[in-house]
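The structure appears right after this line, and notes come after that.
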Amino acid sequence: MRWKSQIGLILVVILTDLLVVGLVQHDDVIYRTPLGRIERVTNLKKVPQTDNFNNHDYRAKQRLQIKILNGKHRGQTVSVKNEYSGSQATDLKYRPGQTVLLHFNGTGQRVKGATILDLKRDVAITILVVIAVGLLILMRRTGIHAIVSVLLNMVLFFIAVEIDVQESGYAVLAIFSVVAVLFSAITLALVLGWNKKMMVSLLTTLAGTFSAMLIGGLVFSLTGNGGLHFETMEYVTQNPEPLFLAETVLGSLGAVMDESTDIIVSLAKLRKENPQISMKQLWISGRNIGKTIMGPLLNVLFMIFMADTFSMMVLYLRNGNSWQYAFEMNMQLGFVQSLISGIGIVLTVPIASWLTGVFFKNKGVPTNG
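57 is the number of the first residue of the sequence shown in our numbering; add one for each residue after it.
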């Protein structure tokens, strides 16, 4: 009967996901911004372009016939011109069937003209969200706990950002340090339950993260932030250094939490199966588990960092900048964050092994812990 229940749950999740996507695809009436669907596209002549660095591109124009989908002008058709480049770095080439956000240039009984603001992107985002949520729901209790923890952490994050804005950034590092503690406590309590493993994982996560931050802060202080280009942080209207450190706390927290949980849960299970195991054996086992986990975690951090900066690196290099300058302007701060996170990952291994030995040294782990 269990497999029938699982199949039923899968069908319910799929049907619910399809319903949600369908509703979002036809949610035009809830938008205040005018929406339009591109009915016909006429592509005009392309004009080749070459810059001083021999980069080849082209400019082209389109004439779009757009049907208005909401508001008092619903059903009317408006003609819009669009200019785009072949690279589409700062513009878009549109095609029939796409839904766009519009700004009317002049209105009366009929729309006289319009400008495209952007694509309506909520359908694509919704599809990704419902797939992720659906897969988590199929994992039942564990997946639901993960969804709840993500939602709670999102609420905390937005509250913290609002407080930071209200305080004009004067206490950004303190605010997000508190948020990091709350993130860890909420996530671990929902994933592991309120027990000894959760407490040890929380202590390890915080110790590993803030030890790495302490080392990073000490290095910055001793070197006077030499060589760090905080001015490359885009659109920052507050002191960039503490904001950078706050970003680093949140960036390293996830990897350290993942590693500490894996080590501690494994050691707790080992302790439960063999209550007579010595603290030295726990230490060695924890170190071996950590060696296995460290490599993939460090590579994941590096790949995320590379993916985040790849497009701007290519842009800088294609415009004649040296590798050194492109690295300093785009990758340097992210690379420093990755190094601090890597320090936290390495420090977490001995911290997790030692704390597990201390907390579980006298008796086996209780059944519920």
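Note that CB positions come from ideal geometry on N, CA and C, so glycine has one too. Please read these numbers as outputs of a predicted model, since none were measured by experiment.
Would you call residue i buried or exposed, if buried means 16 or more other Cβ atoms sit within 10 Å of its Cβ?
i, result
"Lys-168", "exposed"
"Lys-128", "exposed"
"Met-195", "exposed"
"Phe-266", "buried"
"Tyr-381", "exposed"
"Asp-220", "buried"
"Pro-104", "exposed"
"Ala-447", "Nothing about residue 447 can be read from this structure; the chain reaches only from 57 to 425."
"Val-414", "exposed"
"Val-421", "Any reading at Val-421 must be qualified, since the residue scores a pLDDT of 42, below 50, and its modelled position is unreliable; no value is offered."
"Arg-177", "exposed"
"Tyr-150", "buried"
"Ser-427", "The structure shown does not extend to residue 427, since the chain spans only 57 to 425, so no value can be given for it."
Residue i by DSSP, collapsed to three states: which one?
i, result
"Phe-160", "strand"
"Arg-119", "strand"
"Ala-145", "coil"
"Asn-99", "strand"
"Asn-281", "coil"
"Tyr-114", "strand"
"Arg-93", "strand"
"Ser-135", "strand"
"Gln-165", "coil"
"Tyr-372", "helix"
"Ile-396", "helix"
"Gln-105", "strand"
"Val-69", "helix"
"Asp-83", "coil"
"Thr-171", "strand"
"Gly-420", "Here the model assigns Gly-420 a pLDDT of 43, short of 50, so the residue's position is not dependable and the matter cannot be decided."
"Ile-124", "strand"
Since residue i is in the alpha helix (DSSP H), which residue starts that stretch and which ends it?
i, result
"His-201", "197-222"
"Leu-244", "228-248"
"Gly-153", "First-last for Gly-153: undefined, no H or E at that position."
"Asn-386", "379-386"
"Arg-327", "296-329"
"Leu-194", "178-194"
Could you give the C-beta distance for residue i and residue j, rounded to a whole number, given that I count them as a contact under 8 angstroms?
i, j, result
"Ile-203", "Leu-192", "5 angstroms"
"Gly-92", "Val-185", "Wrong, their Cβ atoms sit about 25 angstroms apart, outside the cutoff."
"Ile-345", "Asp-318", "7 angstroms"
"Ala-311", "Leu-357", "6 angstroms"
"Ile-231", "Asn-209", "Contact doesn't hold; Cβ gap of about 15 angstroms is too wide."
"Gly-264", "Leu-403", "5 angstroms"
"Ala-408", "Ser-316", "5 angstroms"
"Thr-133", "Lys-117", "Not quite, the Cβ-Cβ distance comes to about 19 angstroms (not below 8 angstroms), so this is no contact."
"Leu-246", "Ser-257", "No, Leu-246 and Ser-257 are not in contact; Cβ-Cβ is about 12 angstroms, not under 8 angstroms."
"Leu-323", "Gly-342", "5 angstroms"
"Tyr-87", "Lys-102", "Contact flag wrong, Cβ pair sits at about 33 angstroms."
"Gln-81", "Val-228", "Their Cβ separation, rounded to whole angstroms, is 39 angstroms, which puts Gln-81 and Val-228 out of contact at 8 angstroms."
"Leu-338", "Thr-260", "In fact, because the Cβ distance is near 14 angstroms, the residues do not count as touching under 8 angstroms."
"Thr-293", "Gly-272", "Wrong, their Cβ atoms sit about 24 angstroms apart, outside the cutoff."
Taking 7 angstroms as the limit between beta carbons, can you name the residues of its chain near residue i, skipping five residues before and five after?
i, result
"Leu-238", "Leu-212"
"Asn-424", "Only weak support is given to the placement of Asn-424: the predicted model assigns it a pLDDT of 44, under 50, and the question is left unresolved by the model."
"Gln-13", "Lying before the first or after the last residue shown, residue 13 is absent from the chain, which here runs from 57 to 425."
"Leu-262", "Val-237, Ser-240"
"Ala-216", "Ile-231, Phe-232, Val-235"
"Ser-438", "A query on residue 438 cannot be resolved here, the shown segment of the chain reaching from 57 to 425 and no further."
"Asn-161", "Lys-168, Gly-169, Ala-170, Thr-171"
"Asp-364", "Gly-390"
"Lys-253", "Ile-320, Val-321, Ala-324, Gly-425"
Sorted by chain position, which residues of the same chain lie with C-beta nearer than 6 angstroms to residue i's C-beta, five sequence neighbours on each side aside?
i, result
"Pro-152", "Ile-94, Val-97"
"Gly-190", "Val-69, Asp-73"
Measuring from the CB of residue i, is there a heavy atom of the ligand FAD at a distance below 7 angstroms?
i, result
"Leu-65", "In the structure on display, the ligand FAD does not appear, and there are no ligands present to speak of."
Using a Cβ-Cβ cut-off of 8 angstroms (strictly less than) and excluding sequence neighbours within five positions of residue i, which residues of its own chain qualify?
i, result
"Phe-109", "Arg-374, Asn-375, Gly-376"
"Lys-347", "Val-405"
"Asn-330", "none"
"Arg-166", "His-129, Gln-132"
"Ser-205", "Ile-242, Thr-243, Leu-246, Val-247"
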